[in-house]
Structure formats: C-alpha cells, structure tokens
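The number in our numbering is simply the position in the sequence shown, starting from 1, with 1062 added. Every residue, glycine too, gets a C-beta built ideally from N, C-alpha and C.
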Amino acid sequence: MASVKRAYALPDAAALRQVYAQARSQGRSASSALTGLAAPGTGDARTVVRQVGALLDMEVVETAQLFACSPALAVLPLATALRRHCVVVQVPASGALQAVVADPFDADLMAWLQSLAQAPLGFALALQEDIAAYLVKLEEGARATDGLGQHPDDTSAADAQREKRAASSLSLSAVGESASPAVKLVNSILYDALKAGASDIHIESTASGLSVKFRIDGVLDHALTVQGVELAEYVISRLKVVAELDISERRVPQDGSFMVSDADRDIDLRLSIMPSIHGEDAVIRVLDKRAMIETYGSLSLDALGFDQASLAVLRRLAQEPYGMLLVTGPTGSGKTTTLYGALTEIHDGRSKIITIEDPVEYQLPGVLQIPVNEKKGLTFAKGLRSILRHDPDKIMVGEIRDNETAEIAVQSALTGHLVLTTVHANNVFDVLGRFVHMGIDPYSFVSALNGIWAQRLLRVNCPHCSVAHSPSAQECESAGLAPGDSSAIWKAGRGCGDCRGTGYKGRRAIAEILLLNDELRELIIEKAPIRKIKETAHRQGTRSLRDAAMALARRGETTLAEVNRVTLNA
1063 MASVKRAYAL PDAAALRQVY AQARSQGRSA SSALTGLAAP GTGDARTVVR
1113 QVGALLDMEV VETAQLFACS PALAVLPLAT ALRRHCVVVQ VPASGALQAV
1163 VADPFDADLM AWLQSLAQAP LGFALALQED IAAYLVKLEE GARATDGLGQ
1213 HPDDTSAADA QREKRAASSL SLSAVGESAS PAVKLVNSIL YDALKAGASD
1263 IHIESTASGL SVKFRIDGVL DHALTVQGVE LAEYVISRLK VVAELDISER
1313 RVPQDGSFMV SDADRDIDLR LSIMPSIHGE DAVIRVLDKR AMIETYGSLS
1363 LDALGFDQAS LAVLRRLAQE PYGMLLVTGP TGSGKTTTLY GALTEIHDGR
1413 SKIITIEDPV EYQLPGVLQI PVNEKKGLTF AKGLRSILRH DPDKIMVGEI
1463 RDNETAEIAV QSALTGHLVL TTVHANNVFD VLGRFVHMGI DPYSFVSALN
1513 GIWAQRLLRV NCPHCSVAHS PSAQECESAG LAPGDSSAIW KAGRGCGDCR
1563 GTGYKGRRAI AEILLLNDEL RELIIEKAPI RKIKETAHRQ GTRSLRDAAM
1613 ALARRGETTL AEVNRVTLNA
C-alpha cells in the first residue's frame, strides 16, 4: 500500500460511507465522490483514494500494479466484470485472489464477490477509471487473441505490423456482439457516423453523460445523447485503449490514431482527447481513403465541382514546368483533394512525382508518397530536404507549417521543380502575410510563386425539396443586396428525408485565384498596402470567394444563409 502524506483531513469512516452512498443513489461514479472530497482547487481523486485506503486500512492498487496482475476470469468472467465495474485478479507475488473495487462501502458487491470466489478473497481499492481501463484492455486482448487464429503464422516484420493493426481494429459489422456497453456504444457511434458520411465525430462530456455530434457537409449535427457518467468514462477509456494512449492521464490533451474495418475496407481514424470541466472530450477525424473515389467517381479535376473558368486556370498552373502553386483554405475545405486531382491529371509516367503528407489520404499509382512521422523525426522540412536528393520533377507538400519548410519549398521552386502545397489562410491575400510572418524573403517568394488558389465548400440545395424562396430583408442586408432583388433565381430546401431535414444535400467548391504577374510582384516586394494589391488583382480578373458564392446563390444552387456562413462580406 502506498505511503500517504496527508495534506488535509478527510471525514471519518461513517461520513465517508454517507458520501459514497449518496454518489451511488445519484448514479454518479465513485471517482466523482472522491473528487468532491479533494482539497479545494485540486480535484485530485488519486490522492484522495490513497487517503481513503489509509483511513480504512485497505490496500490501494495503483495503475501499474493493477496492470501487472493476471485476471481471475474463472472466478469473475469478463462480461460480468464489465457489468459490475469490478475485477478479481491474482496477486503476482503470492498468487492469492484479490477483488479490486472502487467503492469500499458497497457491502452487497463485496459479499457477492466473496460467494463467487469460494476461497479466501482479499479486497483492494482502486480508482474507477483504472478498473475501467484494465477491463477494456482485457477485452481488447481477448478480441486480438480471437483474431490470431484467423491468420497463418508469419514471422515477417511487415505481416506482424499488419496483424497488430488488424487486432486493434473494430468490427463495425458486429456492433451488437460485445458484452461491454461501452464497446457496443463506441462501435455503434462509429458505424452511424460512417453511414452518415461524417468527416468528424465529436464526443462531448456533460454533467450527466455524453453528447455525440457528427460533422456532415461541414456542419455539426447532434446525433445522440447518452445518459450516465460511468458509461461516459468507459467510452473515453475505450477510445484511449484502441488508440494506444495513456488511460490513466486525464489532465492533459492526448492524440492518437486507430483503424476500423467496414465492408472489407480499412478506415483510419485520428483521435484527439481534451480535458474539460465534466471529464474529457474526444474528437475523431475520419480519414476514409475510398470515400473520395465513391464521392467524386474519380480524382479528375472535372469531378470536383469548380466552374470551367476556374478549372482552366488551375490546369494551367498545375502544368507549369517549375514554380509554386499554393492552395489555401480552412480544414475540411478540400485542399488536398484538389491537389490530388491536379497530380492525377499531370501524371503521365515521364515525370518523377513525390509527395510528403500527414497523413497520406489516398494512394496514387506511380507516385512516391511519404507519410510524415514526427515521432521518428520525419517532419515536412526534413522529408522535403531528402526529397530534393531523390531527383524529383514535381513535389507535393501536404502543408507548410513553419519557416524551415517554407524556405525549402521556395528554394525548390526556384531551382527547377514544380511545388504544389497548401497553407492555412482565409483568402489569397492573407497568404502573402503568412509568408512574410514566417520570415521568407519577399523577392524569393514572389519569384517562385506562380499563383495562389483559395477555396471553400458550400452546401447546395437539396434537389428533392428545393423550392422558390424569397430572401428575408435581414438576409439581403447581410449579403449587401437590395430587398426584392428580382435579377436572381432564389431557392431553398424545405427539408426532407433525403437531406435529413436540413434542406441541403452535397457541396460545391468555389475558388478565388491570384495569378502573379510583374505588376503584382513589384507591389508585394515594395510591401505596398494590401488594399492596393487587392485593387490591382481585381482589376486583372481576380474574383473573390464572396462573388463566387453569390453567383451560386443567384442561380438557385445555394442560399444566402449558406453564403453568409461560409464567406465574409468584405
């Protein structure tokens, strides 16, 4: 039992019993009772459980100790342990049986465990989160063991890695098979999200459980509400286990990834865990490599939904012999898809094309694609420097994030390579400020730059329920239009089963393009006011994102509300 230095006084045993009983009656976890006993401002349940153990003369099992024990599944089967939130283990040193519980005052549970053991049984205290994580890990191990018999033995490193990934995958075709409510819920959430075409899954902890939301067509939709704080903690623990994160760490953000299998295809998921006032929130980014082809039919530029005038400019920029094409836009605006489409069209087998990406979202035949691995030291900058020694003709850099990557990309474009890359900015003019802020020499930058392409994705009206619509005075004012403008065909969706009642179905891409010429290059080098650069660009044919979006709305393809949501009226 860990030694405890008391920083403050706990209630006596009778008062503690009342605290735990109240937590049980309110459906709260034992950990919430411990947190309520912590010193003001600390909320450290782990410290309190040690003090409770010392007060009751009861052994406290820490995370590492629990994970070192072997489960006594013959005494307490895994499915039953998952339902009752406890576990019976064998102590490594003595081999004695020990029941690990989170509530030291649950006499009914202890008596039931004693009756199952039919042998001397010791009791130990642990945090409920640690017990949950141990049980989830046991179930994961059981599922992995079941899968080992389905593959022939092979000692190659590549096959071992594939088996490891397969073992950590979730089976979406068997959502209801698991005995654990948490595993069943996680599988169900992932299954529903993939069927709905969600790009992100938000699992938010609340005071009473979980709120689950799906990001579909760029907008968050509420999917379901889950009651129960204990179940919420199990769900987060389950996600941490499959992503191989630290299940005992609840105070700092964590990032990881895992894979699911659905209909004979593998889908990569990126997990982000963030602490919150009610526990922890999780966001899962869905990286479905095959969905891109299913959505667009192919990776040609024609399938992406841009207007023909914009596509003609993009094709010209992608076919330049050298220089840099910058694509900008927020996360989820389709930047990588656009670059993939451009690479597919220019790939003729006579040029060496190398990409470095984080992650590789789709495999392009005949193209050398390098995934970033920051844990092993392979960053965009280091990978790009190595690519230049590999005799490339065309290079795609997934994203320019720092000065070093920007410098190498500019030098690559100046030394006879065509560089296609992305950067986060609001529009084509903000990109200029981003590179200045990164300390890039303006003369080198504009000499390398062929053009900047900014894009957005707008939801389009559902073809099944779209009807004529008169914009309200407020919508017209927000869009800068005169009320009663009759020069356009305004439409809006009423909402139906095909569009899930939103009135929108699918998205269209719009673009803002800045082509560099000598006049613009001189203005940028001279650090002219951005207003003057904008005026010159618009005079030479640059159309703003707002104008492109308004053109769609005037043709009845989207609404003024969607235009105002996606673009800035400036």
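Original post:
For leucine 1482, does the count of other Cβ atoms within 10 angstroms reach 16, so buried, or fall short, so exposed?
Top reply: Buried, by the Cβ-count rule.
Subject >> Those residues which DSSP pairs with glutamate 1574 across a bridge >> reply: Ala1516
**OP:** Spell out the partners DSSP gives asparagine 1523 in its beta bridges.
**Re:** Tyr1566
Original post:
Out of curiosity, what's the CA-to-CA distance linking tryptophan 1552 and isoleucine 1572?
Top reply: 18 Å
Subject >> Complete runs of the beta strand (DSSP E) confined to the region 1367 to 1436 [at least 3 residues] >> reply: 1385 to 1390, 1415 to 1419, 1430 to 1433
Subject >> Collapsed DSSP secondary structure at arginine 1029 in the structure displayed >> reply: Nothing can be reported for residue 1029: it is not among the residues displayed for the chain, which extend from 1063 to 1632.
Original post:
By the 10 Å Cβ neighbour count, where 16 or more other Cβ atoms means buried, how is serine 1395 classified, buried or exposed?
Top reply: buried
Original post:
First and last residue of the alpha helix (DSSP H) that includes leucine 1118?
Top reply: For leucine 1118, the uninterrupted alpha helix (DSSP H) run begins and ends at 1107 to 1118, by DSSP.
**OP:** Assuming histidine 1340 and alanine 1269 form a contact by the criterion Cβ under 8 Å, report the distance between their Cβ atoms to the nearest whole angstrom.
**Re:** Contact between histidine 1340 and alanine 1269 is confirmed by a C-beta separation of about 6 Å, below the 8 Å threshold.
**OP:** Within 10 angstroms of the Cβ of asparagine 1249, are there 16 or more other Cβ atoms? Answer buried if so, exposed if not.
**Re:** Asparagine 1249 comes out buried.
Original post:
Roughly how many angstroms lie between the CA atoms of leucine 1607 and alanine 1516, to the nearest whole one?
Top reply: 8 Å
Original post:
How would you label valine 1162, buried or exposed, when you count the other beta carbons within 10 angstroms and need 16 or more for buried?
Top reply: buried
**OP:** Name the two residues that bound the continuous alpha helix (DSSP H) containing glycine 1445.
**Re:** 1442 to 1449
Original post:
Per DSSP, lysine 1456 is paired with what?
Top reply: Ile1415, Leu1480
**OP:** Would you check if the distance between the CB atom of alanine 1083 and the CB atom of phenylalanine 1185 is smaller than 8 Å?
**Re:** no
Original post:
Residue ranges of each alpha helix (DSSP H) run of no fewer than 4 residues wholly in the region 1245 to 1307, ordered along the chain?
Top reply: For the region 1245 to 1307, whole alpha helix (DSSP H) runs of length 4 or above, ordered along the chain, are 1291 to 1304.
**OP:** Go ahead and pull the three-state DSSP assignment for phenylalanine 1167.
**Re:** coil
**OP:** Using a threshold of 8 Å, state whether the C-beta atoms of alanine 1260 and valine 1322 are closer than that.
**Re:** no
Original post:
According to DSSP, what are the bridge partners of leucine 1159?
Top reply: Gln1152
Subject >> Start and end residues, beta strand (DSSP E) containing aspartate 1330 >> reply: 1327 to 1338
Subject >> Enclosing alpha helix (DSSP H) for leucine 1624 [first to last residue] >> reply: The sequence given here has glutamate at residue 1624, not leucine. Counting along the chain, the alpha helix (DSSP H) containing glutamate 1624 begins and ends at 1622 to 1628.
Subject >> alanine 1076 burial status per 10 Å Cβ neighbour count (16 or more: buried) >> reply: exposed
**OP:** Look at the alpha carbon of glutamate 1584 and the alpha carbon of glycine 1367, and state the distance between them as a whole number of angstroms.
**Re:** 34 Å
**OP:** Take alanine 1181 and list the residues in its own chain whose beta-carbon comes closer than 8 Å to its own, dropping the five residues that flank it on each side.
**Re:** Leu1159
**OP:** Measure from the alpha carbon of tryptophan 1485 to the alpha carbon of each residue in Gly1478, Glu1469, Gly1460, then state which is nearest.
**Re:** The residue you asked about is not tryptophan; residue 1485 is valine in the sequence shown. Checked all of Gly1478, Glu1469, Gly1460; the closest Cα to valine 1485 is Gly1460.
Subject >> isoleucine 1587, enclosing alpha helix (DSSP H) - first and last residue >> reply: 1580 to 1587
Original post:
DSSP three-state call for leucine 1210: helix, strand or coil?
Top reply: Bear in mind that the predicted position of leucine 1210 carries a pLDDT of just 36, short of 50, making it unreliable; the figure below should be weighed with that in mind. Note: leucine 1210 maps to helix in three-state DSSP.
**OP:** Could you name the residues that DSSP lists as bridge partners for glycine 1318?
**Re:** Under DSSP, glycine 1318 takes part in a beta bridge, and its partners are Leu1333.
Original post:
By Cβ distance below 6 Å, which residues in the same chain neighbour serine 1338 in space, the five residues on each side in sequence not counted?
Top reply: Ser1267
Subject >> Top-ranked residue by Cα proximity to threonine 1564, from Leu1256, Asp1279, Ile1193, Ser1177 >> reply: Minimum Cα distance to threonine 1564 is reached at Asp1279.
**OP:** Could you name the residues of the same chain whose beta carbon sits closer than 7 Å to that of proline 1383, not counting the 5 residues immediately before and after it, in chain order?
**Re:** Leu1480
Original post:
Considering only residues of the same chain and omitting the five flanking positions on each side of serine 1218, which have a CB-CB separation below 8 Å?
Top reply: Below a pLDDT of 50, predicted positions are generally treated as unreliable, and serine 1218, at 40, falls in that range; the measurement from the model is reported next regardless. Cβ neighbours of serine 1218 beyond the five flanking positions: none.
Subject >> Candidates Val1288, Asp1410, Val1345, Val1291, of which the one nearest leucine 1316 by Cα >> reply: In the sequence on display, residue 1316 carries glutamine and not leucine. Answer by Cα proximity: Val1345.
**OP:** Enumerate, from N- to C-terminal direction, the unbroken alpha helix (DSSP H) stretches of 4 or more residues contained entirely within the region 1463 to 1507.
**Re:** 1465 to 1476, 1490 to 1499
**OP:** Just the C-alpha distance for leucine 1630 and glutamate 1624, rounded to the nearest angstrom, thanks.
**Re:** One C-alpha to the other measures close to 11 Å.
Subject >> Outcome for valine 1281 when other beta-carbon atoms lying within 10 angstroms are tallied against a minimum of 16 >> reply: exposed
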